[in-house]
Structures are given as C-alpha cells and as structure tokens.
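To keep things clear, I will list the structure first and then write my remarks on it.
Number of protein chains: 2
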Amino acid sequence: MTAIADVARLAGVSKATASRALSGRGHVAEETRRRVEAAAAEIGYIVSPDAASLVTGRTKNIGVVIPFVNRWFFGEVLEGLERTLLSAGYDLTLYNVDGAGPDRDRVFEFFLARKRVDAVIAVGVDLAERELAALERRDKPVVVLGGGEAGALGPARLGIDDRAVGQLATEHLLQLGHTRLVHLAGDGAAARPLSVQGLRRHGYLDAMSAAGLAPRGRAEVVETEMTMPGGYEAALQLLGQPGRRPTAVFAASDEVAFGAIRAAERLGISVPHDLSIVGVDGHEYAEMFGLTTVEQSPSGQGRAAVDLVLRLLGEGAEPDPLPDSGAPLPTRLVVRTSTMRAPL
Amino acid sequence: MTAIADVARLAGVSKATASRALSGRGHVAEETRRRVEAAAAEIGYIVSPDAASLVTGRTKNIGVVIPFVNRWFFGEVLEGLERTLLSAGYDLTLYNVDGAGPDRDRVFEFFLARKRVDAVIAVGVDLAERELAALERRDKPVVVLGGGEAGALGPARLGIDDRAVGQLATEHLLQLGHTRLVHLAGDGAAARPLSVQGLRRHGYLDAMSAAGLAPRGRAEVVETEMTMPGGYEAALQLLGQPGRRPTAVFAASDEVAFGAIRAAERLGISVPHDLSIVGVDGHEYAEMFGLTTVEQSPSGQGRAAVDLVLRLLGEGAEPDPLPDSGAPLPTRLVVRTSTMRAPL
DNA sequence: CTGAAAGCGCTTACAG
DNA sequence: CTGAAAGCGCTTACAG
Numbered sequence: 001m002t003a004i005a006d007v008a009r010l011a012g013v014s015k016a017t018a019s020r021a022l023s024g025r026g027h028v029a030e031e032t033r034r035r036v037e038a039a040a041a042e043i044g045y046i047v048s049p050d051a052a053s054l055v056t057g058r059t060k061n062i063g064v065v066i067p068f069v070n071r072w073f074f075g076e077v078l079e080g081l082e083r084t085l086l087s088a089g090y091d092l093t094l095y096n097v098d099g100a101g102p103d104r105d106r107v108f109e110f111f112l113a114r115k116r117v118d119a120v121i122a123v124g125v126d127l128a129e130r131e132l133a134a135l136e137r138r139d140k141p142v143v144v145l146g147g148g149e150a151g152a153l154g155p156a157r158l159g160i161d162d163r164a165v166g167q168l169a170t171e172h173l174l175q176l177g178h179t180r181l182v183h184l185a186g187d188g189a190a191a192r193p194l195s196v197q198g199l200r201r202h203g204y205l206d207a208m209s210a211a212g213l214a215p216r217g218r219a220e221v222v223e224t225e226m227t228m229p230g231g232y233e234a235a236l237q238l239l240g241q242p243g244r245r246p247t248a249v250f251a252a253s254d255e256v257a258f259g260a261i262r263a264a265e266r267l268g269i270s271v272p273h274d275l276s277i278v279g280v281d282g283h284e285y286a287e288m289f290g291l292t293t294v295e296q297s298p299s300g301q302g303r304a305a306v307d308l309v310l311r312l313l314g315e316g317a318e319p320d321p322l323p324d325s326g327a328p329l330p331t332r333l334v335v336r337t338s339t340m341r342a343p344l
Numbered sequence: 001m002t003a004i005a006d007v008a009r010l011a012g013v014s015k016a017t018a019s020r021a022l023s024g025r026g027h028v029a030e031e032t033r034r035r036v037e038a039a040a041a042e043i044g045y046i047v048s049p050d051a052a053s054l055v056t057g058r059t060k061n062i063g064v065v066i067p068f069v070n071r072w073f074f075g076e077v078l079e080g081l082e083r084t085l086l087s088a089g090y091d092l093t094l095y096n097v098d099g100a101g102p103d104r105d106r107v108f109e110f111f112l113a114r115k116r117v118d119a120v121i122a123v124g125v126d127l128a129e130r131e132l133a134a135l136e137r138r139d140k141p142v143v144v145l146g147g148g149e150a151g152a153l154g155p156a157r158l159g160i161d162d163r164a165v166g167q168l169a170t171e172h173l174l175q176l177g178h179t180r181l182v183h184l185a186g187d188g189a190a191a192r193p194l195s196v197q198g199l200r201r202h203g204y205l206d207a208m209s210a211a212g213l214a215p216r217g218r219a220e221v222v223e224t225e226m227t228m229p230g231g232y233e234a235a236l237q238l239l240g241q242p243g244r245r246p247t248a249v250f251a252a253s254d255e256v257a258f259g260a261i262r263a264a265e266r267l268g269i270s271v272p273h274d275l276s277i278v279g280v281d282g283h284e285y286a287e288m289f290g291l292t293t294v295e296q297s298p299s300g301q302g303r304a305a306v307d308l309v310l311r312l313l314g315e316g317a318e319p320d321p322l323p324d325s326g327a328p329l330p331t332r333l334v335v336r337t338s339t340m341r342a343p344l
C-alpha cells in the first residue's frame, strides 16, 4: 500500500532496494537502478519527507528567523538564503520575528524547538541566552548573520565588520576635509554597542577621535529608525536648525541616506556642494541617487550562511569545522556623486 | 523509548491517552489531562511533527510562492501571511520563484508536490496550466493572490480590482483638468492583459476613452520595470524630451511614482505645479513623498489569503465554501500633495 | 548487490 | 474515559 512498495513491485525488487536506488545511498546494480527509476517515474512517485525524516532524523529544512522582510538588506539576505537552500535540496521555513513578546517566545520554544528544522539561521536578531539555550537543548545548530561580535563561545557568527565600515565611511569624509560631520545612526546604537548600528557608530567615533575631532563637541550622533522616512525626518531636524550646519553626514544605511538626500533637497541644500552624504549597503537604488556608500553583498552573505549551516550539519564537502569563521565578509567603498571636498 | 511514551509513563497513562490529552482530540478526564500536561512540561516534551503528519496526513505547513521579497507589495504580503499562519499554528515554507526555468519546475514538480505542504499560496505569480495540474494531482488546495481574473474554474483567487484602480487614479487626474496624461505602466502591461500591470493599464485606457481622450493620440502608455529606478529612468526620458510635456502621470505603483518624482526634481519640473503624479499601493514612504495614491492593504490581503486557505483545508469556523470569493479586496484613493489642478 | 524485518514517533479506530 | 494494537511510509542494520 505504501507508495514505495508500488514502485518496488513495478520494478520487481524489494522496498529496501527501491529506497536505495532512489536515494542513492548504498550500492545498487546499475540496471536495477534504472528499472526502479523508470517505475518511479511511471507512477509519479515522490518520497514522503515526513516518513523519511522520521527514520533519518533529518528534515532537510532550515528555519530562518528574520526581523524584517521589507528592508533592503534583509530582503536580499532572504533571497540569497532561499536560492542557496533550494539548490541544496533544502526547504526554508520562515519566522518573521521582531522584538520581544509571546509570539517570539512561541517561535523559539515551540516552532523551532520541534523536529521540523535541522538548524536555524538568525538574521540580524539578537538571540537571548534563553533562546540559544532552547535551541541547544534540542541540538539545533545555529548560525547568526549580522550584528554582535564573534565570541569565543556561542553560536557560529557571520557578517561584515560593521565597526570597520563605520570607520571607513567616516574617514572618506574626513579625507575630503569635512570637520562638521554628523552620524545618523540606527535606533539603539548607543544602548546596544554590539548591534549593527552600535558597531557602525563606534567606527564613526573611532575615526573622529583619530582625527582629533572627538570626543568633545565635534562628534555628533543622531539616532533614527533605519528607513528612508527615518533618515528624512532626522535630517530635516538636523539640517533645518539655524546656525552652523554639518557639511557631511554619515548615514547608518543607504535607506537612511536616501531620506537625508530628500530632506536636503527639500531645504534647498545642495548635495554634494553644500552637504556630502555617505551610506552603507550598496542598495539597488544607490546608483540612481548617486550615493557614495560602503557596499556589502547581503545575498552573498545569505549564501555564506547556508554554506556554513550545511557544513555544521555535516553536508559540506570539506569536513573542516569552520574554515572561514572569524574572517569578516567583504565590503568596499564605492564613491559616487553624493560626496565631494568640504566647502571652503 | 518514544518521547510520548515517556510522558505517558510519567503520567501513569497509556500513549493513546497521553496523545489525546496533549492534542485535545478525544475526551480525557480533566484530572488525567492535568497529569499528562504536567508530565509533558516536566520533560520538555514537544510532539514530533513528522510522526504526527505521517498518520494524520496533515503537515500544518503552507507553501508560499512569491516572485520577489524586496518589493514593497510582496514584502508586506509575506509578512501578513507569516504572522497569520503563525498564530494559526502553521509554518510557512518559502519558495522565491520568478520567471521560468529549471528552478521553477523543480519547485512545482518536487518541492510543492511532496507531502510537506498542505496547500499552496501563490502571490503575484501566473501559474501555468501544467503547474496547477501538478498541484491538483496531489490534491493540494491553491490560493492565488493578485493578478488574473477570477475565473469560473481554476484556483481560488483573491485580490483588488486592478482595472478599477487604474480607472480611479486616472479619473482623479482627469477631474483636476489634466488632458496630457501619461501612464507609466509595468513591463508586460500590453502583452499580458490579465496581469496586474495589464489590468491597471486597461483601467487607464477605459478612463481616457470615457473622457474622449482615447484611443487616438491623447492616451500614452510607457512601460518600465515596477521599481523606483524603473520609474526614474522612464520619467527622465518622458519628461526630458523637448516639446509639449504631460501635465500628469499615473504610475503603476508607488515605487514607480517615487522614481518619477525624483526625475521631475532633477529636471527642475515642480511637482505638483508643473506635474501631477499619482501612484498605486499606499507604500510606507508615500507620506514622506506627499504622494497621492490608490491605497491597498497587502498585509490584509495576506491575512485574507490565509483565511481562505485554512477554510479550504476545513479549518475555518464556518464550513461555508467561499463566502467572499469574487468580491475584490478594498482600495481607496488617498489625496496628498503630489496632485493638483492642471496648469492653465 | 539484494531482501526480510524492525522500527522511527506518533494517532486512531476498536474494544471495553 | 482509557488501553492494546495496528499502521502511517519510509530507511537501515543485519544477513545472505
């Protein structure tokens, strides 16, 4: 009655042989394999993942935890994860989890704790101790993409060096002669120094200090939501105040930078003549806005996270534990028309 | 050895009773249920979805097919789907499928055909006959969100009335006295009349005809990618040509409209004094851009799609087959500062 | 290289 | 209300 029994009967072999022929595990005579495959094709047989998982203990399914889907970085990462997992024959089960709350607890304590996923990839989510512990207790490998710092212990981490990014963006502006140079940081940058926004802020402060412009008076950080409207609102306030205005802004993301560009235009401030702006991301709109930015590759990071997780699951070609662990993912400064030398 | 056996032993009942107490199916004495629940909590028992699916035939998992994650409408729909499914105790398995190709075939013929998903929700994807047939053969309910027209047969469909949307947006501009009124349509609008972009174009042409401005000469449609850079490029070409310029643009989506606004600014054309622009979506950036738009609720549409699919799976409260089938989902015109009466 | 048998962890008739 | 037993559809030692 079971489907594979039908295939076996049609091919004139046992279920065991049919299973081996179809899965490629264990040796089967070439001709037998052909017969089994023909039989399977004939009746449109597709293995039941549930039944297979039950005995193998593997689901070929990865749980992805992500706070947003509709911000560029996260969307790109998600697409990268999806495509890579799919071609490895894995499913991606999505958990859109933001902030705290009962929904979040349910995801970690029920959905992800079940035997439905082989491992978990968390994108830009600060995992609480308790959440990590819950996954560890169930023996789920965890890969964290973005934010935090590669700790000695804890889950495998992957990401760009956000502090270096902040430093690089700031140094670009300093080298152009800017001294009134404000950072539009993401919400929580000061409060959570190991978050993405916290590290970028830190990089800004590093560079400002090195240039003798900090800590007192000359360095200024304004926090805002890391979206285009967030950047717009913050820049409107920042640039609209009478008195001496900054000549340069380092925005914590390209979306924030786009908002700042629009705010400047609205106020009649010319970018880049009166105001230089640099972002972070390499957003697909950056070219259209002429935005100078520190580019990263979120979809490439998604791919890297999948490679890592598959390796943790023992699927990788190399049995090497974590070859590239620790090395930050690549970024580069792309100079466009939103930055120029400081006005005299 | 099985986990539920441990719970049963600890509670001093049989596996059958433990199962009934935990799942809530079948009657169990109140006190027995309490004992079982305490035992389950004590050893941290979580039911194995694979084992349960194998016997019930239900996975409590829905496959979602979506072409983009990083365009506003799609991202919002996805979030709406995720949240609603989660609170119904369902998983969402994501298939990011765009255009044709072997990857797409694999999704329909292997991934979705397996017994891993109970049903499929396709968002803004034109399903081929063959793809629908593949799902039907496996008895998978299918819900299609967006695009197409509710056919008598075929899968359940859900969406706004895109033709009415195109008409409404156009009429808003006509009523303001515009006669040179161009439509920035999505790619493929003319070639695929039942696609979202095709229906919006049709609505535009309807309204123009009704106003005596079509078919000859006065109606003009330019196709472009439905993104901000797409709108920017198209508008740059449209507005930069010497000679008489349109006084109004109906953009097929808000993102296209944002691009058009930027193009106008770049060319020194004042919005709305020299050019009125209306979009479609109710994008979260619309307010910041002051964009007049026909608003829809993608996350609400995601919720509606989940309701429908659960009903098809026999989970809905009402056994009513498809109560709201056919009725288009709501939209409304939101007037902001990007449109005004035509210049004299 | 192939087969018979056990078993993965549950749920659900069937009895009682 | 509860339990013993069968069975969901596979895979994998274990023999041969």
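Chains A and B supply the protein sequences, listed in that same order. Note that UniProt numbering numbers the first sequence so that position 238 is 238, with each residue one more than the last. Note that UniProt numbering numbers the second sequence so that position 249 is 249, with each residue one more than the last. Backbone N, C-alpha and C fix where the C-beta goes; we use that ideal spot for every residue, glycine too. Quick caveat, the model's predicted, so the values are computed rather than measured.
Cβ-based burial, B:Gly57 [other Cβ within 10 Å; buried from 16]: Counting from 1 along the second sequence, the entry for residue 57 of chain B is found at position 57. So B:Gly57 ends up on the exposed side.
What's the C-alpha gap between A:Asp274 and A:Thr247? Here residue 274 of chain A is taken as the residue at index 274 of the first sequence, counted from 1. Here residue 247 of chain A is taken as the residue at index 247 of the first sequence, counted from 1. Distance between the alpha carbons of A:Asp274 and A:Thr247: 6 Å.
Quick check: what's the CA-CA separation for A:Leu81 versus B:Val69? If you number the first sequence from 1, residue 81 of chain A lands on position 81. If you number the second sequence from 1, residue 69 of chain B lands on position 69. One C-alpha to the other measures close to 12 Å.
Measure the CB-CB distance between B:Ala140 and B:Val120 and report whether it falls below 8 Å. Working through the second sequence from its first residue, we reach residue 140 of chain B at position 140. Working through the second sequence from its first residue, we reach residue 120 of chain B at position 120. The amino acid occupying residue 140 of chain B in the given sequence is Lys; Ala does not appear at that position. For B:Lys140 and B:Val120, yes; Cβs fall inside 8 Å.
Using alpha carbons as the reference points, say which of A:Thr93, A:Tyr45, A:Ala134, A:Ser253 lies closest to A:Asp162. The count along the first sequence starts at 1 and reaches residue 162 of chain A at position 162. Selected option, being the one with the closest Cα: A:Ser253.
Which residue wins for smallest C-alpha separation from B:Glu171, given the options B:Tyr204, B:Val309, B:Val182? Working through the second sequence from its first residue, we reach residue 171 of chain B at position 171. Closest by alpha carbon: B:Tyr204.
Kindly identify the DSSP beta-bridge partner or partners of B:Val334. Here residue 334 of chain B corresponds to residue number 334 of the second sequence, with the count starting at 1. DSSP output for B:Val334 lists B:Thr293 as bridge partner(s).
Could you please tell me which residues of the segment 82–99 of chain A, in chain order, have their CB closer than 8 Å to any CB of chain B? Glu82, Arg83, Leu86, Ser87, Asp91, Leu92, Thr93, Leu94, Tyr95, Asn96
Can you find a C-beta in chain A that's less than 8 Å from the C-beta of B:Arg157? Position 157 of the second sequence holds residue 157 of chain B. No, B:Arg157 does not count as interfacial toward chain A.
In angstroms with no decimal places, state the Cα-to-Cα distance between A:Ala191 and B:Phe111. Position 191 of the first sequence, counted from the start, is the residue given in the question as residue 191 of chain A. Position 111 of the second sequence, counted from the start, is the residue given in the question as residue 111 of chain B. Rounded to the nearest angstrom, the two C-alpha atoms are 43 Å apart.
Any C-beta of chain B sitting closer than 8 Å to the C-beta of A:Ile46? Taking the first residue of the first sequence as 1, we reach residue 46 of chain A at position 46. A:Ile46 belongs to the set of residues whose beta carbon lies under 8 Å from a beta carbon in chain B.
I want to see whether chain B comes within less than 8 Å of A:Lys115, judged by CB atoms only; does it? Residue 115 of chain A sits at position 115 when you count from the first residue of the first sequence. So, interface residue.
Have a look at A:Gly63, A:Ala219, A:Leu135, A:Ala29 and flag the residue whose alpha-carbon is nearest the alpha-carbon of A:Val306. If you number the first sequence from 1, residue 306 of chain A lands on position 306. Answer by Cα proximity: A:Gly63.
B:Arg200: which of B:Ala185, B:Ser276, B:Glu287 sits nearest, CA to CA? In the second sequence, counting from the first residue as 1, residue 200 of chain B sits at position 200. Ranking B:Ala185, B:Ser276, B:Glu287 by Cα distance to B:Arg200 puts B:Ala185 first.
Throw me the rounded Cβ distance for the A:Val97 and A:Pro67 pair, which I believe falls under 8 Å. Residue 97 of chain A sits at position 97 when you count from the first residue of the first sequence. Residue 67 of chain A sits at position 67 when you count from the first residue of the first sequence. At roughly 6 Å, the Cβ-Cβ gap stays under 8 Å, so A:Val97 and A:Pro67 are in contact.
Between B:Trp72 and B:Glu295, which are expected to be in contact by the criterion C-beta below 8 Å, what is the C-beta distance as a whole number of angstroms? Along the second sequence, read from residue 1 onward, the residue named residue 72 of chain B stands at position 72. Along the second sequence, read from residue 1 onward, the residue named residue 295 of chain B stands at position 295. Taking 8 Å as the upper bound for CB-CB distance, B:Trp72 and B:Glu295 are not in contact here, some 12 Å apart.
Looking at chain A, which residues of the UniProt domain "HTH lacI-type" (1–56) of chain B have a Cβ within less than 8 Å of any of its Cβ atoms? Gly44, Ile46, Val47, Ser48, Pro49, Asp50, Ala51, Ser53, Leu54
Listed by chain order, chain A residues near B:Leu288 by CB distance under 9 Å: As a position in the second sequence, residue 288 of chain B is number 288, starting the count at 1. A quick correction: the sequence has Met, not Leu, at residue 288 of chain B. What B:Met288 touches in chain A: Met228, Pro229, Tyr232, Glu233, Gly259, Arg262.
Could you tell me which residues DSSP pairs with B:Ile66 in its beta bridges? Within the second sequence, numbered from 1, the residue matching residue 66 of chain B stands at position 66. According to DSSP, which records beta bridges pairwise, B:Ile66 is partnered with B:Asn96.
Closer than 7 Å between beta carbons: that is the criterion. Which residues of the segment 234–254 of chain B meet it against chain A? none
Can you pull the chain A residues whose beta carbon is under 7 Å from the beta carbon of B:Glu171, in chain order? As a first step, residue 171 of chain B must be located in the second sequence, where it is residue number 171. Ordered by position in chain A, no residue passes the 7 Å Cβ test against B:Glu171, which lies about 29 Å from the chain.
Within chain A, partners of B:Val69 - CB distance below 7 Å: By 1-based counting over the second sequence, the position of residue 69 of chain B is 69. For B:Val69, the residues of chain A that pass the 7 Å Cβ criterion are Val69, Gly75, Leu78, Glu79, in the order they occur in the chain.
Interface partners of B:Phe110 on chain A, CB under 8 Å: As a working mapping, residue 110 of chain B is identified with position 110 in the second sequence. Going along chain A in sequence order, the residues near B:Phe110 (Cβ under 8 Å) are Ile46.
DSSP state of B:Pro319, grouped into three classes? Indexing the second sequence from 1 puts residue 319 of chain B at position 319. A caution first: B:Pro319 carries a pLDDT of 48, below 50, which makes its placement in the model unreliable, though a value can still be read off. Correct three-state label for B:Pro319: coil.
If you run the structure through DSSP and keep just helix, strand and coil, what is A:Thr247? As a first step, residue 247 of chain A must be located in the first sequence, where it is residue number 247. DSSP places A:Thr247 in coil when its eight states are reduced to three.
Closest by C-alpha distance to A:Val278, when choosing among A:His202, A:Val271, A:Ala257, A:Tyr285: Locating residue 278 of chain A in the first sequence gives position 278, where the first residue counts as 1. Here the closest residue by C-alpha is A:Ala257.
Please report whether the beta-carbon of A:Glu265 lies at a distance below 8 Å from any beta-carbon of chain B. The sequence position of residue 265 of chain A within the first sequence is 265, counting from 1. Taking Cβ atoms only, chain B reaches closer than 8 Å to A:Glu265, which makes this a yes.
From B:Ser87 to B:Phe250, what does the alpha carbon distance come to, in whole angstroms? Locating residue 87 of chain B in the second sequence gives position 87, where the first residue counts as 1. Locating residue 250 of chain B in the second sequence gives position 250, where the first residue counts as 1. Cα to Cα, the separation comes out at about 38 Å.
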